[in-house]
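Q:
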Amino acid sequence: MRICTLLFFVLSSFAFAQGEPELKSSDLKKISKYTGAWIDAKIDGNPSKLSDAIMSLEEQVVKMAKSSKGRNPLSYVYDWEIALHQERKYATSGSTVKKGRVANVAFARAPYSVWLPKKYNPKKSNYPCVVLLGAKAASVIESLPAEVLENMIILAPDISSLSEDLALTMETLISLIIPVSEASKAYHLDRMRLFMVGTDKL
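In this text, residue positions in the sequence shown follow my numbering: the first is 25, and each later residue adds one.
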């Protein structure tokens, strides 16, 4: 009952709009393109591409400043969030995880269980994510309310081997961060709607 109550409050977040973009769609596409190029160059460690990407992004920001009548282009917070999200890369095919059932992912030092909604379609929508924390979190997944299972990606990091004295150590951080990071690359997970819910004790 406790976890269902907590997830009720999680679901209530759907009632709040995430805002509307203020920039013209053409400007938003441009900053998305240049922001994505900058991120890719940063990840690849390519100094030449990084320099070109920064220059292109700066030029676009200057143009935005002129067209926005003195408003600081960086004040379009929600637009920048959209730009960063649009250029994020994630898998749209090739997943071996079956939809509508709990799957166990054996990932090195940070195994986890994952649930994808039965109608999960990464090309059409992004999905909020609930991270269940507890030694037996995976066993709770299928008992969650249908509204949660139909609309959310559920992750349950395997922390069953961790004792209480390791709760605030790097081992715990690895067990939590890696599954979320890997799921963020594998699935169309909405990182603006990421919730952690405790299910039991270690």
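Here a beta-carbon is modelled for each residue, glycine too, at the ideal position from N, C-alpha and C.
(1) Please report the distance separating the alpha-carbon of A127 from that of V138.
(2) Taking the C-alpha atoms as reference points, what is the distance between K48 and D182?
(3) Identify every residue that forms a DSSP beta bridge with W62.
(4) Kindly indicate the opening and closing residues of the beta strand (DSSP E) around L173.
(5) For the region 67-77 against the region 85-94, do three or more pairs of beta-carbon atoms, one drawn from each stretch, fall closer than 8 Å, so that the two count as touching?
(6) Output needed for I202: all residues of its chain with C-beta closer than 6 Å, excluding positions within five of it in sequence on either side, in chain order.
(7) Per DSSP, which one or two residues make a beta bridge with A180?
(8) Any idea if I27 is buried or exposed, counting beta-carbon neighbours within 10 angstroms, 16 or more meaning buried?
(9) Which residues in the same chain have their Cβ closer than 7 Å to the Cβ of Q84, if we skip the five residues on either side of it in sequence?
(10) What are the boundary residues of the alpha helix (DSSP H) that P71 is part of?
(11) Measure the Cβ-Cβ separation of H212 and Y136 and say whether it is below 8 Å.
(12) With H, G and I counted as helix, E and B as strand and the rest as coil, what does DSSP make of A159?
(13) Taking all protein chains shown into account, do 16 or more other C-beta atoms lie within 10 angstroms of the C-beta of F40, making it buried, or fewer, making it exposed?
(14) Please report the distance separating the alpha-carbon of A61 from that of P97.
(15) Is the beta carbon of L157 sitting closer than 8 Å to the one on V221?
(16) Whole angstroms is fine: what's the gap from A207's alpha carbon to I178's?
(17) What does the alpha-carbon distance come out to for the pair P45 and S184?
(18) So what's V121 in DSSP terms, helix, strand or just coil?
(19) Can you tell me whether V101 is buried or exposed? The criterion is at least 16 other CB atoms within 10 Å of its CB, across all chains shown.
A: Once the coordinates are examined:
(1) To locate residue 127, count along the sequence shown from 1; it is residue 103. To locate residue 138, count along the sequence shown from 1; it is residue 114. Taking the straight line joining both Cα atoms gives about 5 Å.
(2) Here residue 48 refers to the residue found at position 24 when the sequence shown is read from its first residue. Here residue 182 refers to the residue found at position 158 when the sequence shown is read from its first residue. Distance between the alpha carbons of K48 and D182 is about 44 Å.
(3) Here residue 62 refers to the residue found at position 38 of the sequence shown. Paired residue(s): none; W62 is not in a bridge.
(4) Here residue 173 is taken as the residue at index 149 of the sequence shown, counted from 1. Segment A170 to N175 is the alpha helix (DSSP H) holding L173; no beta strand (DSSP E) there.
(5) no
(6) Within the sequence shown, residue 202 is the residue found at index 178, counting from 1. Here the set comprises A134.
(7) As a first step, residue 180 is located in the sequence shown; it is residue number 156 there, counting from the start. In DSSP, A180 forms a bridge with S137.
(8) Locating residue 27 in the sequence shown gives position 3, where the first residue counts as 1. Low local confidence applies: a pLDDT of 49 at I27 is under 50, so the model's placement there is unreliable, with the coordinate-based value given in what follows. Its Cβ being crowded by 16 or more others within 10 Å, I27 is buried.
(9) The residue labelled residue 84 in the question sits at position 60 within the sequence shown. K54, I55 and Y58, listed in sequence order.
(10) Position 47 of the sequence shown, counted from the first residue, corresponds to residue 71. Start and end: P71 to S91.
(11) Taking the sequence shown and counting its residues from 1, the one referred to as residue 212 is at position 188. Taking the sequence shown and counting its residues from 1, the one referred to as residue 136 is at position 112. Cβ atoms of H212 and Y136: not closer than 8 Å.
(12) Here residue 159 refers to the residue found at position 135 when the sequence shown is read from its first residue. Of the three classes helix, strand and coil, the one that applies to A159 here is coil, per DSSP.
(13) Counting from one through the sequence shown, the residue named residue 40 turns up at place 16. Low confidence applies here, because F40 scores a pLDDT of 40, under 50, leaving its location unreliable; read the following figure in that light. Exposed: under 16 other Cβ atoms inside 10 Å.
(14) Walking along the sequence shown from the start, residue 61 turns up at place 37. Walking along the sequence shown from the start, residue 97 turns up at place 73. Distance between the alpha carbons of A61 and P97: 19 Å.
(15) If you number the sequence shown from 1, residue 157 lands on position 133. If you number the sequence shown from 1, residue 221 lands on position 197. Yes, the Cβ-Cβ distance between L157 and V221 is below 8 Å.
(16) Mapped onto the sequence shown, residue 207 falls at position 183. Mapped onto the sequence shown, residue 178 falls at position 154. Rounded to the nearest angstrom, the two C-alpha atoms are 10 Å apart.
(17) Sequence index remark: in the sequence shown, residue 45 carries index 21 (1-based). Sequence index remark: in the sequence shown, residue 184 carries index 160 (1-based). For P45 and S184, the distance between alpha carbons rounds to 43 Å.
(18) As a position in the sequence shown, residue 121 is number 97, starting the count at 1. DSSP, read as helix, strand or coil, puts V121 in coil.
(19) One-based indexing of the sequence shown puts residue 101 at position 77. V101 should be labelled exposed.
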